[in-house]
Structures are given as C-alpha cells and as structure tokens.
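Undergrad: One structure coming up, written as structure tokens, with questions to follow.
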Amino acid sequence: MIQEAPIATTPDKTTEVFIYYYNQGNVDNLINAYYEQDAVIAASPGKTARGAALKSALEPYFALKGKISGGTRHTLVNEDIALLILDWVFDYTDEAGNPTKYAGTSTDVVRKGADGIWRCIIDNPHNIS
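Here you go:
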C-alpha cells in the first residue's frame with residue numbers, strides 16, 4: 001500500500017511531514033516540504049546551517065540510510081507560530097553491520113505560511129546539547 005504524503009495543515013502534522021520525507025530518502029524533497037526557504041538548523045551541537053546550507057547539513061544523516069520514527073510531545077501555539085517538543089528514534093546499521101538506535105528530543109519552531117501550510121523555521125534536533 002502506498003502511503004500518501006502528509007501535508008502540515010496543523011503544527012503537529014509537521015512531525016509527520018518530516019518523518020515521511022526523511023524515510024523516503026530524498027533530502028531535497030524533505031527540504032522543500034518541511035523547511036521554510038530561510039530556515040535554520042542546529043546541524044550539530046554549536047554549529048548551525050541556514051537556507052541553501054540545509055542540504056549539506058542533512059546529507060550525512062541521509063547517508064546512513066536509516067529510518068526515523070517519533071512524535072510530538074508538546075505544542076505551544078501563538079497565532080501563526082508554534083514551538084514543538086518532539087521525541088524521535090533513529091534506527092540504522094552502523095559501518096560494522098550492527099543495528100544501531102539513536103534517540104533524542106528535538107525543539108522546533110514552525111510557522112504557518114500564507115498558503116495555510118506549517119513549515120519549520122528553526123530545527124534543533126539536538127535539543128539542549
């Protein structure tokens with residue numbers, strides 16, 4: 001059965017959008033569906049990437065060919081901006097062939113666009129690291 005691509009018509013649905021497109025394995029599709037054009041990501045603790053640099057920040061994670069799962073723990077909405085606290089689990093196979101699981105909490109800020117779709121403007125997958 002083919003899963004239909006989710007559309008973020010509410011702040012919480014942005015999590016579904018990220019998971020769907022990440023698990024499809026195409027970084028460009030994820031960027032186009034999930035992020036605003038000038039979004040910023042905490043690429044690694046202490047290092048950020050913005051706009052066109054999002055792709056190079058995300059590619060190392062896509063290279064692992066893993067699958068991500070998770071969901072929204074808390075949502076705080078103020079008109080067209082929302083703060084999301086997300087729990088996620090990343091499953092992949094390491095270089096030695098061992099199944100590996102990496103879990104964390106993300107803090108994201110999303111904004112509702114003029115088209116009614118919510119997209120990420122700040123992505124902090126490392127939470128407070």
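If you're matching positions, the sequence shown starts at 1 in the UniProt record's numbering and goes up one per residue. The beta carbon of each residue, even a glycine, is placed where N, CA and C say it ideally should be.
(1) For residue 10, I'd like the list of residues in its chain whose CB is within less than 8 Å of its CB, leaving aside the five on either flank, ordered along the chain.
(2) May I have the straight-line CA-CA distance separating residue 97 from residue 64, to the nearest angstrom?
(3) Which first and last residues belong to the beta strand (DSSP E) in which residue 84 is found?
(4) I need the boundaries of the beta strand (DSSP E) containing residue 123, first residue and last residue.
(5) Exposed or buried, which one is residue 125 when buried takes at least 16 other CB atoms within 10 Å?
(6) For the pair the segment 3-22 and the segment 109-118, tell me if three or more CB-CB distances fall below 8 Å.
(7) Thinking just about the alpha-carbon of each residue, which of 3, 39 and 38 is nearest to the one in residue 24?
(8) Can you find at least 3 beta carbon pairs, one from the segment 99-108 and one from the segment 78-86, that sit closer than 8 Å?
(9) Determine the burial state of residue 46: buried for a count of at least 16 other Cβ atoms within 10 Å of its Cβ, exposed for fewer.
(10) Let me check understanding here. Comparing Cα to Cα, which of 6, 73 and 18 lies closest to residue 67?
(11) With a CB to CB cut of under 6 Å and the five nearest residues on each side skipped, what residues in its chain are close to residue 36?
TA: The structure says:
(1) Here residue 10 is taken as the residue at index 10 of the sequence shown, counted from 1. Cβ within range, chain order: 118.
(2) Along the sequence shown, one-based indexing puts residue 97 at 97. Along the sequence shown, one-based indexing puts residue 64 at 64. Rounded to whole angstroms, residue 97 to residue 64 spans 12 Å at the Cα level.
(3) On the sequence shown, residue 84 is found 84 positions in, with the first residue counted as 1. From DSSP, the beta strand (DSSP E) with residue 84 extends over 81-93.
(4) Here residue 123 refers to the residue found at position 123 of the sequence shown. 118-124 is the extent of the beta strand (DSSP E) around residue 123.
(5) For the purposes of this step, residue 125 is taken as the residue at position 125 of the sequence shown. By the neighbour-count rule (16 or more Cβ atoms within 10 Å), residue 125 is buried.
(6) yes
(7) As a first step, residue 24 must be located in the sequence shown, where it is residue number 24. Closest by alpha carbon: 3.
(8) yes
(9) By one-based count along the sequence shown, residue 46 stands at place 46. When all chains shown are included, residue 46 counts as exposed.
(10) Residue numbering aside, residue 67 sits at position 67 when the sequence shown is read from its first letter. With distances taken between Cα atoms, residue 67 lies closest to 18.
(11) Within the sequence shown, the letter at position 36 stands for residue 36. Closer than 6 Å at the Cβ level, and outside the excluded window around residue 36, lie 119 and 121.
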